[in-house]
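For reference, the structure discussed in these notes is given below.
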Amino acid sequence: MGPTYWLNKQEHRCSCGAPAEQCDFWRPVLTTMRSLDIINPTLPSYYLDAYATVLAQFSKLYGKDYQPIDTSKGIKHLKLLAASETIDAKALFLIRDVRSYASSQARLARSQPRKGLKKVKGHYWYQMMRWLSDNKKRESLLTDLALPFETVGYEPFCFNPTQTLDSVYNFLALPKTLSNESLGKSTHHVLFGNPMRNCETRKTEIRYDDRWFSETNYMLAAALIPTLMQYNQARVYASGQ
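Each residue of the sequence shown is one higher than the one before, counting from 1 in this note's numbering.
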């Protein structure tokens, strides 16, 4: 959606708590985009011009002592960043345990009205194979783009955040923060995406959805596809060992 849409959508709030029209970050960005006529996503220069506007406002608001973290996960975004001659980008490849992912995605699929072949999305084996295929594609893309990246296991991050973050800070060449630093003090402006971005209790601490611990549906697929579990162990847990 273009800038006018977000500026007029008062009921949709940024993770800072304000709608885009009142947000210290997004209001200047979207207003500038509109004034510069950066409003048509079909134009070849749209994303580069929009991204330049975002970075200019970030620099103006936070200065040179902060680094922007882009939470986008789209392939288009990665390709644009890698091709840029002015942006020094590094990627964090966050990868979740296949059993947790399959449990979550299969549960979501079963809760939605699906017919015919689409019902296959409610099966663990389908979601586990999708996890393997998609993550290998992302890994290959990052390599092909020659974009520096660090693989970060979601489970090690949740259960041992200090060690995981130390590795991340080293990769990004950033100073480490105190291990007891409160997440509630973090600064973020996530306008859309994660539905938990506006949950006051959940965005102040690290929580892990462990419902898959009591499930067994994934066991047959895990036993029949050993290469999948080997990949899972190597990518998700290697950094936490």
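Just so you know, even glycine gets a beta-carbon here, dropped at the ideal spot from N, CA and C.
All of these numbers come straight from a predicted model, not from anything done at the bench.
Query	Result
F93 - partner residues in DSSP beta bridges	T151
Given L228 as reference, the closest of V168, L141, H189 and Q127 once Cα atoms are compared	Q127
G2 versus A56, A50, S104 and Q105, residue with shortest Cα-Cα distance	A50
Other residues of its chain near L92: CB distance less than 6 Å, five sequence neighbours each side excluded	E150 and V152
8 Å CB neighbourhood of V190 in its chain, flanking five on each side removed	C14, S15, T71 and R197
Helix, strand or coil at R114 [DSSP, three-state]	coil
Straight-line Cα distance separating F171 from D210	29 Å
Range of the contiguous alpha helix (DSSP H) that encloses N170	P161 to L172
Which of helix, strand or coil DSSP assigns to P28	helix
Own chain partners of Y109 with C-beta closer than 7 Å, once the 5 adjacent residues on each side are dropped	Tyr is not the amino acid found at residue 109; the sequence shown has Ala there. Contacts found: K121 and G122.
Host alpha helix (DSSP H) of H77 (start-end)	I75 to A83
Three-state secondary structure (DSSP) of M196	helix
Minimum Cβ-Cβ distance from K9 to chain B less than 8 Å	The chain labelled as chain B is not found in the depicted structure, where only one protein chain is given.
Status (buried if at least 16 other CB within 10 Å, exposed otherwise) for N194	exposed
Three-way DSSP call (helix, strand, coil) for R34 in this model	helix
Distance CB(W212)-CB(S100) smaller than 8 Å	yes
Terminal residues of the alpha helix (DSSP H) in which Q127 lies	Y124 to D144
Spatial distance of G36 from I225 (CA atoms)	Correcting the residue type first, residue 36 is Leu in the shown sequence and not Gly. Straight-line Cα distance between these residues: approximately 53 Å.
Beta-carbon gap between I206 and P161 smaller than 8 Å	yes
Beta-ladder partner(s) of P19, from DSSP	R13
Pairwise C-alpha distance: S103 and G74	23 Å
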